[in-house]
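J.: Below you will find the structure I want to go over with you.
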Amino acid sequence: MIRMIVRTFGQADAVHYLPIATTILSAIFFTVLLRAYATRRSGPHLLWWAAGIFTYGLGTGLESAITLFGNSVALTKAWYIAGALLGGYPLAQGTVYLLLPRKTAHVLTALTVP
102 MIRMIVRTFG QADAVHYLPI ATTILSAIFF TVLLRAYATR RSGPHLLWWA AGIFTYGLGT
162 GLESAITLFG NSVALTKAWY IAGALLGGYP LAQGTVYLLL PRKTAHVLTA LTVP
């Protein structure tokens with residue numbers, strides 16, 4: 102079965118669809134996180150994680166655009182900023198809000214957000 106798939110799509114072509122799949126999955130997970138926050142109305146960690154998943158999805162969406170339409174300097178810069186620079190911080194900050202007391206998390210947020 103796998104040979105048939107690789108033969109049909111080609112090994113490189115199948116890999117090119119991964120960013121599209123991760124963009125779709127991150128959009129689904131983003132809405133799940135926002136709904137969880139809306140129903141519980143507690144846990145700022147959910148909002149931070151939603152922001153992190155949004156920027157991750159933005160990065161994979163840009164990677165999909167690069168794959169489908171070709172690369173440019175602007176797309177590469179936007180991909181790098183969205184995925185690498187903006188993606189990790191909100192996910193880490195959500196974990197800070199989940200694991201540490203809220204007052205400590207507020208202080209750490211104030212120290213790290215310009």
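For our numbering, add 101 to where a residue sits in the sequence shown, where the first one is 1. Ideal Cβ placement from N, Cα and C applies to all residues, glycine included.
Terminal residues of the continuous alpha helix (DSSP H) containing Pro120?
T.: Counting along the chain, the alpha helix (DSSP H) containing Pro120 begins and ends at 119-141.
J.: State buried or exposed for Pro202, treating a residue as buried only when at least 16 other CB atoms are found within 10 Å of its CB.
T.: Exposed, by the Cβ-count rule.
J.: Using a Cβ-Cβ cutoff of less than 8 Å, which residues in the same chain neighbour Gly184 once the five nearest sequence positions on both sides are dropped?
T.: Same-chain partners within the cutoff: Thr156, Tyr157, Leu159, Gly160, Thr161, Leu163, Glu164.
J.: Which ranges does the alpha helix (DSSP H) cover as unbroken runs of at least 4 residues, wholly within the stretch 151-206, from first to last along the chain?
T.: Those alpha helix (DSSP H) runs which fall completely within the stretch 151-206 and span 4+ residues are 174-180, 189-200.
J.: Go ahead and pull the three-state DSSP assignment for Val214.
T.: Correct three-state label for Val214: coil.
J.: How would you call Ile69, buried or exposed, if buried means at least 16 neighbouring beta carbons within 10 angstroms?
T.: Here the chain covers residues 102 to 215 and nothing more, so residue 69 does not appear.
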